[in-house]
Each structure stands twice: as C-alpha cells, then as structure tokens.
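Here's the structure we're looking at; comments come further down.
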Amino acid sequence: MKKLFLIDAYALIYRSYFAFINNPRVNSKGMNTSAVFGFVNTLEQILRLEQPTHLAVAFDLHGPTFRHELFDAYKATREAMPEAIRIAIPYIRRMIDAYRIPTLECIGYEADDVIGTMAKTAEREEFKVFMVTPDKDYAQLVSPNIFMYKPKRMGNEMEVWGVEQVCENFQISRPEQVIDLLGLMGDSSDNIPGCPGIGPKGATQLIAQFGGIDGVYAAIDQLKGKQQESLINFEEQVRLSRKLAEIILDVPLNHQPEELVRQEPDHQLLNELFSELEFRNMLSKLPKAEVVVQKPVNPQGSLFDFAEESITAPFSNLEQHTYHLVEGEEARAHLIGELLKQKEFCFDTETTGLDPLMDQLVGISISFKKGEAYYIPVPSNQKEARQIVAEFKPLFDSETITKVGQNIKFDALVLSGYGLKLHGPIFDTMVAHYLIQPELRHNLDFLSEIYLGYKKIATSELIGSGKNQTSMRSVDLQTIKEYACEDADFTLQLKPLLEKELIDGNVTKLFEEVEMPLLKVLIEMELSGMKIDVKALDQYAVILREQIIQLELEITEMAGESFNISSPKQLGHILFDKLLLDPKAKKTKTKQYSTNEEVLTTLLDRHPIIAKILDHRGLKKLLSTYVESLPKLINPKTGRIHTSYNQTVAVTGRLSSNNPNLQNIPIRDENGREIRKAFVPRDSDHLFLSADYSQIELRIMAAGRIFTRPRQPKSTTSRWGR
C-alpha cells in the first residue's frame with residue numbers, strides 16, 4: 219500500500235512551540251529550540267511508527283492569498299509570529315532538506331489548499347493519505363482513503379480521524395459539511411465572520427436539519443425569530459464565509475504524488491544540525507554501526523548467563539554495556555560477595571504497581587560499575603521472595619557502603635515489606651537534582667537525556683499504557699533485565715555528575731546534612747502512617763449531607779427555581795441571565811459563564827445567594843475530598859493511611875504530601891476541625907504532637923526593614939523551607 223503523509227508545516231511548528239511555552243527548550247547559546255525540537259520529534263515518530271512510503275511538507279508563503287482578495291479582514295486578528303518561531307523557520311527548512319523531504323508551496327494559496335489538492339490527487343492514484351495537522355478545517359477533506367493525523371500533545375495520544383470520527387466529532391453526516399458548518403458559525407482563528415448569533419450548536423442543528431447552507435436558505439421560511447432574521451440579513455456574509463472556509467482542490471502544483479517517495483536522510487547534515495542545536499538525544503539516535511559485545515567468561519563457573527550477543531548500539535555515546543541476569547542461590551551469593559567489597563552501589567526495584575506498601579516486588583537491579591549491572595528476579599510466591607531478598611540483608615545493613623538510587627524512598631519502602639532497611643549513607647539522584655535545578659523535572663528519563671545524552675527504554679514499551687497496561691510481572695526476563703539494569707546503570711552514572719554540581723552550587727552540606735537524613739525520617743513516617751476514626755467520619759458525613767441539603771433549599775429559594783447548583787452552566791444562567799449580577803460577566807471557551815471561586819468572590823456584596831453557594835461548595839469539597847475519601851485510602855495490611863511525602867515538588871523547598879494531601883485539611887472553621895479530630899493516635903501508648911515555627915519570611919521582612927503590608931497567608935504554615 220502507498221502511504222502518503224502530508225505535513226502542515228506551520229500548524230505543527232506553532233503546536234510544537236506552544237507545547238513548551240511554560241518550560242521552553244533553550245540551548246547554551248540562548249536560542250529557544252522548542253519549535254524545531256517538537257517538529258523534528260513528531261517527524262521522527264511518523265517515520266518510525268507509521269513507515270510512510272511517500273512524504274511531503276506544505277508551507278504557507280508570505281503574502282496575501284486569494285482569500286484576502288475576497289475578504290480584506292481574513293486572518294486580520296492573528297497575532298504577529300513570535301520571534302522564537304521566526305528564528306526557528308530556517309532551521310526547520312534545513313531539517314526538512316536534511317531528511318530529503320520535498321516541500322510543497324504555491325503563491326496565492328495556503329498550505330490547506332496545497333495539501334487538499336495533493337491529497338485528492340493522490341487518492342485518485344490509489345494512495346492512502348494522512349494529513350498531519352491539528353487544524354479542524356482539514357476535516358472537510360476526509361474520505362475513505364484520506365485521514366487527519368493529529369499528533370500527540372500535552373499527554374494526549376496521537377489521533378487518526380477518518381469519516382466516522384469526523385462525523386462523530388462535528389455531529390454531521392458527511393465530512394464536506396464541515397465547510398457549511400464553518401460558513402454558518404464562523405472561525406475566530408481565521409477571522410471568518412459566519413452568521414451573527416449562530417454558534418456551533420445552532421450551526422450543527424441547522425446542518426442536521428437542512429443538509430447545508432443551500433438547504434438552509436431554500437427552507438428559510440421554516441425558520442423563525444432572530445435566527446431567521448439574522449440568516450436573511452447576513453446571507454451574503456454567510457456565503458462569503460463558506461467560500462473562505464472551503465479548501466481549494468485545484469492548486470497548480472509542480473509535484474506529482476509519485477515524486478514524493480520517501481528517501482534516506484542525509485545523516486551527515488542531520489548530525490551537523492543536531493549538534494548545532496544541541497539535540498543530544500536525537501543525535502544519539504542516528505544510525506550506528508553494529509558492534510559485537512563479548513561478555514567475559516566467569517572464571518569461577520557459569521554463575522551468570524554469559525554469552526556472546528550481537529547488539530546495535532542505540533546511542534553514539536553509550537559505551538558497550540553488559541547486563542547480567544542473576545538466578546540461583548550460588549549466583550546471588552557471588553554477586554553479594556562482590557558488592558560487599560565496594561564503597562558504593564546503585565539499586566532499583568521493579569514492582570507490580572506504584573504503591574510501595576501494597577504491590578509486590580518483581581526484581582532488583584544493582585550496578586557498581588559504569589556500563590555493567592545485574593538483575594535479580596523475585597518470584598510471585600511471597601515466601602520464596604522473602605527468602606531471596608533476605609540474602610541481601612548484610613549488604614543493606616552495611617553502615618559503610620553508600621546506597622545510590624533515583625527516588626530511593628520508594629525502593630526503601632518496597633524493601634521494608636520484605637524485611638530490609640537502609641543503613642549507612644545514601645545518595646538520591648532525584649533529590650540532588652532538585653537542589654541544583656528545583657524548577658525542572660527530576661525523573662530519570664529527563665536526567666538521562668540532559669546529563670548522559672541517553673534515551674531510556676520507556677516503561678510503556680514494556681507494559682503499555684492506559685487501559686491496556688499490564689504488570690511488570692508479565693514482562694519476559696530478558697526484556698525486563700535490560701530495562702531494570704539500565705535504570706541502575708544510568709543512575710550510577712548520574713551520581714558523580716550531580717555531586718560536582720552540588721559542590722558548584724554550594725549545596726552539598728544541605729544535601730548531606732539535611733536532605734538525606736530527612737529522607738530516612740520520611741521513610742519511617744510513611745511506614746508508620748496515621749490512624750483515622752472511620753466511625754467518627756461516617757457520623758460526620760451524615761451531618762455534612764444534612765447541611766448541604768439545607769443550603770440547597772435556601773439557594774433554590776433565593777433563585778426562585780430549582781436547578782443543579784453543581785452545574786456551572788445552570789448556575790451561570792441563574793446568576794447572570796436571571797439575577798443579572800454582572801452585565802459584563804465573562805464566558806469560558808465553551809461559551810458558558812465562568813462561575814469559579816474567584817468570580818463568585820467578586821460578587822459577594824451583590825446578592826446573599828453568593829455566600830450560600832460558596833458555603834455549599836466548601837461543604838461538598840469537605841465531604842468528597844476528606845470525609846468520604848479518607849476511609850478508602852486505609853491500607854488493609856496496617857489499618858492506617860500512608861501518605862507520600864515529597865521532597866522534590868515545591869520549588870520553595872517546602873515538603874508536600876499526596877494520596878492523601880494532609881497539608882490541605884482545613885482548620886479555620888468548625889467543619890475542618892471536625893475532620894482533624896478523626897485523626898487519632900494508633901493506640902494508648904502513642905499521642906499526637908503538633909509543632910510549628912514562626913513564619914521565617916516575616917522575620918526576614920522585619921530584619922530587612924521592608925515596610926510593606928504582608929499579604930494574608932493562604933495557610934497557617936510557611937511557604938518557605940523546612
């Protein structure tokens with residue numbers, strides 16, 4: 219099958235740029251490389267995953283098009299191109315040349331028209347065509363052999379829209395009806411006016427009833443009121459809008475579909491570009507020669523699975539590595555003996571899930587030498603598992619050997635369930651990087667890429683994601699060995715690099731004397747957990763529900779009608795259409811009134827219903843977030859709640875907690891205090907001690923004689939360091 223992928227250059231460039239807008243990629247020269255990186259990353263995904271036989275990139279050319287001749291204000295509301303994108307365009311064009319991909323463009327026409335013409339031409343020549351774009355306008359072109367290919371963004375998976383998906387998303391019967399839909403409702407992004415007073419819902423209903431704009435005007439007498447009036451008064455504008463929205467299919471192109479055959483990239487040019495832009499990860503993926511790794515023969519016998527294997531080195535800067543599968547008591551004893559001779563080792567655990575106190579251990583990976591690591595599988599039979607893990611107790615009990623890990627708290631909690639406890643010095647690469655760059659990400663994938671130039675094996679490659687996700691227990695041994703050993707190996711390689719940066723940043727003392735000792739304390743705190751009085755919460759839930767019902771009665775009485783208070787749409791109608799509390803009320807992107815807490819707070823003095831609504835929301839949050847949810851989080855093994863304390867989340871240095879968040883339990887009103895009462899000592903031999911310190915930032919302000927009025931704090935605890 220001939221598969222042609224047509225890429226809308228600017229749609230993808232803008233999407234890539236804004237995907238990183240809150241955390242731009244900037245190289246050492248100060249250049250914002252977000253747009254180039256996102257574009258090339260998407261291109262690589264298409265080449266790798268979709269294997270197109272033919273490929274082209276379409277550009278808009280600078281200057282007016284025939285649409286500007288039809289309508290002067292076409293796209294007049296578009297903001298100027300960001301300077302970072304303007305700088306990126308020449309690099310992206312050079313990238314496309316390096317990949318040896320043809321470009322399609324035509325003076326007086328847009329990329330939509332170029333792609334539309336090529337897609338329909340290729341379809342006639344029995345191609346299967348994929349239009350790579352997030353732009354909804356392209357939906358009008360979709361047919362049984364032409365598809366919209368919407369790239370991944372913001373955690374959302376890639377989507378392919380065929381006829382069925384277009385009709386479902388636009389609520390139409392044929393893709394070409396998208397043209398009529400846009401003609402009626404307009405398109406703010408292109409400044410296509412449409413018909414005033416007819417939005418997406420109204421346009422969809424008209425298309426469903428009459429088939430299209432021609433059908434609407436043929437039956438205009440069947441319509442009534444303002445809708446009919448608006449359609450009659452603005453018929454010329456509606457028909458113009460349809461012309462503006464329609465993609466042209468006869469653009470004079472100087473390429474034919476067969477000429478767009480995919481070619482082998484110019485790897486030398488890509489090497490130069492990736493190096494210039496400092497795309498280390500992409501640079502590492504360029505084809506490498508096949509190398510043969512000869513694993514050494516163990517002189518003391520076949521304790522490990524040593525064998526010659528041919529591997530293709532995936533990274534230009536990844537040295538030949540040797541990862542061992544350690545099975546059997548004798549092999550484990552030999553490994554433990556070697557480890558007891560070391561000054562430090564790195565370890566990582568693989569588990570059946572993400573709850574360290576509930577899920578089972580699947581295996582342990584250990585590394586003490588760069589490029590070499592060992593994987594010890596642990597069986598599902600828990601008696602056998604405990605016996606195997608117990609063999610490593612002398613290693614973890616050692617007070618002199620440094621234990622290195624990435625998010626080592628998780629691994630320590632897992633091992634605690636098997637009778638092991640961390641003794642001696644520890645080094646957590648995640649916490650170290652947090653002290654160095656608190657505002658960045660700290661996961662191993664990110665650290666491996668920016669420090670080592672390595673692209674780690676993704677967890678999803680082993681166990682999938684979403685509904686199809688399986689367990690690490692189901693992964694075959696050879697595959698999980700490579701994955702787990704890579705984690706330990708890479709983490710060990712990160713340690714000296716991060717140690718140097720800790721020294722350069724003058725935070726080594728903080729790391730060694732505060733953060734690492736604190737980490738051990740947090741491990742014990744998480745293991746201890748907290749007991750809650752479930753019976754007391756159940757009783758209080760009854761009281762809260764009664765209060766909520768009473769508030770609902772008072773609110774509906776004030777509104778003069780019954781409505782769903784939790785529905786923003788219905789609430790907005792009551793507050794702004796019926797009670798007219800704010801003639802300038804803002805609407806959200808979904809054309810509904812905004813009724814968030816900030817908006818409601820500004821209306822407090824305009825009607826007593828607002829205070830009741832805010833109280834109603836507060837009580838419902840207490841009920842759902844705490845009273846009903848806390849009992850569900852009790853660990854059946856311990857009978858207690860075990861929150862997770864995070865050292866590496868808040869940029870200010872403050873600890874945070876999640877699942878549940880114990881720092882947000884309210885205390886200022888009676889309802890909040892009732893919830894806190896449900897937290898009780900585990901038995902008569904224990905008690906709660908509550909301690910806090912005066913807000914350090916207020917002391918700093920006083921000492922510095924900064925005479926400004928301090929903002930009212932949002933909580934009773936400091937935002938600053940521990």
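Position 185 of the sequence shown, counting from 1, maps to 403 under the numbering used here, and the rest follow consecutively.
Note that the Cβ used here is the ideal one computed from N, Cα and C, for glycine as well.
Inset, instruction - Confirm, please, whether the CB-CB distance from ASP330 to ASP355 is below 8 Å. - result: yes
Inset, instruction - Identify which residue in SER246, SER234, ALA706 and TYR327 has its Cα closest to the Cα of ILE668. - result: SER246
Legend entry - Where the alpha helix (DSSP H) through PHE255 begins and ends: 252 to 263
Legend entry - Other residues of its chain near LYS943: CB distance less than 7 Å, five sequence neighbours each side excluded: For residue 943 there is no data in the structure shown, the boundaries of the chain being 219 and 940.
Legend entry - Euclidean distance between Cα positions of ARG233 and ALA253: 8 Å
Inset, instruction - With DSSP collapsed to three states, give me the class of THR321. - result: strand
Inset, instruction - Whole angstroms is fine: what's the gap from LEU267's alpha carbon to LEU261's? - result: 10 Å
Inset, instruction - Thinking VAL832 and LEU841 are a contact (beta carbons under 8 Å), I'd like their distance in whole angstroms, please. - result: One detail in the question is off: residue 832 reads as Leu in this sequence, not Val. That belief does not hold up - the Cβ atoms of LEU832 and LEU841 are roughly 15 Å apart, past 8 Å.
Inset, instruction - Flag this pair as touching only if the region 593 to 602 and the region 698 to 709 have three or more C-beta atom pairs under 8 Å; answer yes or no. - result: yes
Legend entry - the region 888 to 898 touching the region 751 to 765, judged by at least three CB pairs closer than 8 Å: yes
Inset, instruction - Count the other CB atoms, across all protein chains shown, that sit within 10 Å of the CB of HIS542; report buried if there are 16 or more and exposed otherwise. - result: buried
Inset, instruction - Give me the Cβ distance between LEU720 and LEU653, rounded to the nearest whole Å; I'm assuming they're in contact under 8 Å. - result: 7 Å
Inset, instruction - Specify, as a first and last residue, the run of the beta strand (DSSP E) that ALA274 falls within. - result: 272 to 276
Inset, instruction - Compute the distance between the beta-carbons of PRO826 and MET776, then report whether it is under 8 Å. - result: yes
Legend entry - Through-space distance from LYS738 to PHE586, alpha-carbon basis: 22 Å
Legend entry - Contact between the region 440 to 452 and the region 406 to 424 (3+ Cβ pairs under 8 Å): yes
Legend entry - In DSSP terms, what MET366 is bridged to: MET349 and TRP379
Legend entry - ILE594, DSSP secondary structure in three states: strand
Inset, instruction - Using beta-carbon positions only, say whether ALA302 and ASN259 come within less than 8 Å of one another. - result: no
Inset, instruction - Let me know the secondary structure DSSP gives PHE897 once reduced to three states. - result: strand
Inset, instruction - Check whether the Cβ atoms of GLY589 and ASP468 sit closer than 8 Å, and answer yes or no. - result: no
Inset, instruction - Taking the CB atoms as reference points, tell me whether PRO270 and GLU477 lie closer together than 8 Å. - result: no
Inset, instruction - Determine the DSSP secondary structure at LEU695, reduced to helix, strand or coil. - result: helix
Legend entry - ILE792 classed as buried or exposed, judged by whether at least 16 other C-beta atoms fall within 10 angstroms: buried
Legend entry - Identified DSSP bridge partners for THR567: ILE582
Inset, instruction - Within 10 angstroms of the Cβ of ILE885, are there 16 or more other Cβ atoms? Answer buried if so, exposed if not. - result: exposed
Legend entry - Inter-residue CB distance, TYR844 and ILE893 (contact presumed, cutoff 8 Å): 5 Å
Legend entry - Inter-residue spacing [alpha-carbon to alpha-carbon] between ASP823 and SER407: 37 Å
Legend entry - C-alpha gap between GLU779 and SER391, whole angstroms: 38 Å
Legend entry - Residue from ALA298, ALA306 and GLY326 with nearest C-alpha to PHE284: GLY326
Legend entry - LEU579 to THR813 span [Cα, whole Å]: 47 Å
Inset, instruction - Please work out which residues of its chain come closer than 7 Å, Cβ to Cβ, to ILE883, disregarding the five sequence neighbours upstream and downstream, and give them in chain order. - result: TYR844, GLY890, ILE893 and ARG894
Inset, instruction - Please confirm if the region 220 to 233 is in contact with the region 271 to 291, defined as three or more CB-CB distances below 8 Å between the two stretches. - result: yes
Legend entry - Segments of 4+ residues assigned as alpha helix (DSSP H) that fall wholly inside the region 641 to 675: 647 to 654 and 662 to 665
Inset, instruction - Have a look at ALA340, TYR309 and PHE452 and flag the residue whose alpha-carbon is nearest the alpha-carbon of PRO362. - result: ALA340
Inset, instruction - Would you mind stating whether LEU402 and CYS413 have Cβ atoms separated by less than 8 Å? - result: yes
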